[in-house]
Ligand code: SAH
Ligand code: SF4
Ligand code: F3S
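Residue numbers (the working numbering): 29 to 474.
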């Protein structure tokens with residue numbers, strides 16, 4: 029219930045960096061703020077509470093948040109009553125440092141403290157606390173549908189944290205150990221979302237297909253997909269991110285048999301070289317990955333496969349890099365996020381001295397992107413002449429077109445024909461594909 033005693037002048041602004049986990053944490057914080065009677069504003073200079081939800085996965089993420097905080101800190105100096113709070117993964121990892129270099133910040137708290145946001149803000153006003161510790165409970169708190177992003181598709185956390193220990197990665201240090209929510213709680217949340225008008229959910233976890241491995245009750249990720257598939261009124265289910273070591277046949281049969289589960293798997297490979305995979309401590313070989321892709325394509329022939337790739341990791345030779353290029357050719361990815369390795373304090377690889385020179389990594393990154401671009405443009409071109417069913421997310425009446433995603437997660441713009449009214453958000457409509465770019469497909473609504 030809104031707190032009636034809180035004056036209407038109490039406003040908040042949230043800035044979000046990082047992955048979908050962070051986007052969803054911001055939605056949760058928005059839900060808590062609204063419940064406590066705060067009103068959302070879209071300009072930080074109008075806010076009485078400014079929340080900066082940070083990411084720290086690569087150095088660039090740190091730099092973005094720090095430069096933003098630099099500006100906000102100035103604003104805070106000029107407007108003493110504003111509360112400036114830093115949340116998210118950088119806040120977790122850099123608590124003491126942030127406090128030291130930017131003493132104006134009122135509150136620094138990691139992702140595990142999201143649920144305590146409102147009491148924390150009260151403490152801040154009473155000047156009791158600045159730095160908050162960790163509290164790794166079950167991620168049970170959900171966001172009221174009204175506080176989520178607008179649209180027809182919603183994020184649903186099914187698992188938090190990560191139990192893997194990839195040598196380069198900071199996430200286990202910022203989001204704690206893996207915890208899975210009970211199936212019934214997830215299904216209830218999805219039902220609530222459908223009742224509020226959402227038509228698609230994306231199930232979120234750092235290793236989403238490792239769902240349930242640490243939970244009592246024994247439900248696996250395949251069981252979870254089946255339970256969500258049974259929710260009436262829901263049209264589409266997506267999930268991210270899966271880990272090659274957590275693949276199992278139950279997940280593949282659920283993907284094949286559940287009509288709402290979309291034919292798309294995001295499965296980060298990271299490198300095509302076994303030597304590098306082993307140094308990264310990924311826990312699988314290229315051959316293991318290959319085996320699962322064969323099984324996946326057999327089970328779900330229409331499936332799209334996307335991935336994450338890192339270049340310039342410690343010890344990467346030209347041969348290792350070429351193995352990654354060969355893997356791109358072999359697996360024919362439908363999309364990929366490519367990154368240049370960024371050393372992260374506190375991770376095992378941070379101490380290793382054999383990172384390739386920066387200019388070599390940059391040139392490998394470009395070569396990799398070129399290879400992927402031509403692969404993806406070619407794949408999109410082969411869609412011309414096909415019909416794709418898209419879930420309409422946005423409608424632009426002035427341009428006479430809608431946009432949404434195909435089952436394989438391709439961006440599609442569909443133009444209306446003549447005087448026929450455009451479909452509404454949430455409808456699934458067929459679009460005849462006539463042209464494409466690297467970014468997506470375009471065509472005519474049938
Ligand atoms: N849990 C997911 C992804 C987590 S982070 C998984 O394991 O796949 C998203 C991506 O960022 C990773 O897949 C990896 O490709 C990239 N990444 C993580 N740490 C990195 C680092 N230190 N430098 C460069 N890229 C990194
Ligand atoms: Fe990071 Fe590896 Fe965990 Fe993914 S699986 S979050 S890359 S440690
Ligand atoms: Fe996500 Fe960045 Fe944290 S990628 S998990 S917000 S470090």
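Every residue gets a Cβ at the ideal spot worked out from N, C-alpha and C, and that includes glycine.
Treat the numbers as computed from the prediction; the structure is a model and nothing was measured.
Any heavy atom of the ligand SF4 inside 7 angstroms of the beta-carbon of residue i?
{"i": "residue 192", "result": "yes"}
{"i": "residue 199", "result": "yes"}
{"i": "residue 425", "result": "no"}
{"i": "residue 234", "result": "yes"}
{"i": "residue 271", "result": "yes"}
Give the range of the beta strand (DSSP E) segment to which residue i is assigned.
{"i": "residue 458", "result": "456–464"}
{"i": "residue 266", "result": "264–268"}
{"i": "residue 81", "result": "77–82"}
{"i": "residue 416", "result": "415–424"}
{"i": "residue 222", "result": "Per DSSP, residue 222 belongs to no beta strand (DSSP E); it is in the alpha helix (DSSP H), 211–223."}
{"i": "residue 469", "result": "469–473"}
{"i": "residue 440", "result": "439–443"}
{"i": "residue 149", "result": "That residue, residue 149, is in no beta strand (DSSP E); its alpha helix (DSSP H) goes 145–153."}
{"i": "residue 232", "result": "228–232"}
{"i": "residue 430", "result": "429–433"}
{"i": "residue 135", "result": "135–137"}
{"i": "residue 181", "result": "181–185"}
In the DSSP assignment, the alpha helix (DSSP H) including residue i goes from what residue to what residue?
{"i": "residue 98", "result": "87–106"}
{"i": "residue 45", "result": "No alpha helix (DSSP H) contains residue 45, which DSSP labels as neither H nor E."}
{"i": "residue 260", "result": "Looking at the DSSP string, residue 260 is not in any alpha helix (DSSP H), and its letter there is neither H nor E."}
{"i": "residue 240", "result": "No alpha helix (DSSP H) contains residue 240, which DSSP labels as neither H nor E."}
{"i": "residue 119", "result": "117–121"}
{"i": "residue 199", "result": "199–203"}
Could you give the C-beta distance for residue i and residue j, rounded to a whole number, given that I count them as a contact under 8 angstroms?
{"i": "residue 292", "j": "residue 436", "result": "5 angstroms"}
{"i": "residue 334", "j": "residue 367", "result": "Rounded, the Cβ-Cβ distance is 14 angstroms, inconsistent with contact."}
{"i": "residue 126", "j": "residue 137", "result": "The Cβ separation is near 11 angstroms, so there is no contact."}
{"i": "residue 412", "j": "residue 461", "result": "5 angstroms"}
{"i": "residue 234", "j": "residue 189", "result": "7 angstroms"}
{"i": "residue 76", "j": "residue 114", "result": "The pair is not a contact, with the Cβ atoms about 16 angstroms apart (cut-off 8 angstroms)."}
{"i": "residue 240", "j": "residue 208", "result": "5 angstroms"}
{"i": "residue 356", "j": "residue 305", "result": "About 15 angstroms separates the two Cβ atoms, so there is no contact after all."}
{"i": "residue 377", "j": "residue 371", "result": "7 angstroms"}
Report whether the distance from the Cβ of residue i to the nearest heavy atom of the ligand F3S is below 7 angstroms.
{"i": "residue 93", "result": "no"}
{"i": "residue 83", "result": "yes"}
{"i": "residue 57", "result": "no"}
{"i": "residue 477", "result": "Coverage of the chain is limited to positions 29 through 474, which leaves residue 477 absent and any answer about it impossible."}
{"i": "residue 47", "result": "yes"}
{"i": "residue 366", "result": "no"}
{"i": "residue 116", "result": "yes"}
{"i": "residue 89", "result": "yes"}
{"i": "residue 185", "result": "no"}
{"i": "residue 354", "result": "no"}
Are there any heavy atoms of the ligand SAH lying less than 7 angstroms away from the beta-carbon of residue i, as far as the coordinates show?
{"i": "residue 67", "result": "no"}
{"i": "residue 336", "result": "yes"}
{"i": "residue 298", "result": "yes"}
{"i": "residue 399", "result": "no"}
{"i": "residue 370", "result": "yes"}
{"i": "residue 196", "result": "yes"}
{"i": "residue 379", "result": "no"}
{"i": "residue 86", "result": "yes"}
Would you say residue i touches the ligand GTP, meaning its beta carbon is less than 7 angstroms from a heavy atom?
{"i": "residue 114", "result": "Ligands present in the displayed structure are limited to the ligand SAH, the ligand SF4 and the ligand F3S, and the ligand GTP is not among them."}
Continuous beta strand (DSSP E) assignments of at least 3 residues falling wholly in the segment 333–396 = 363–368
Beta strand (DSSP E) segments (min. 3 residues) lying fully within the segment 252–331 = 264–268, 292–294
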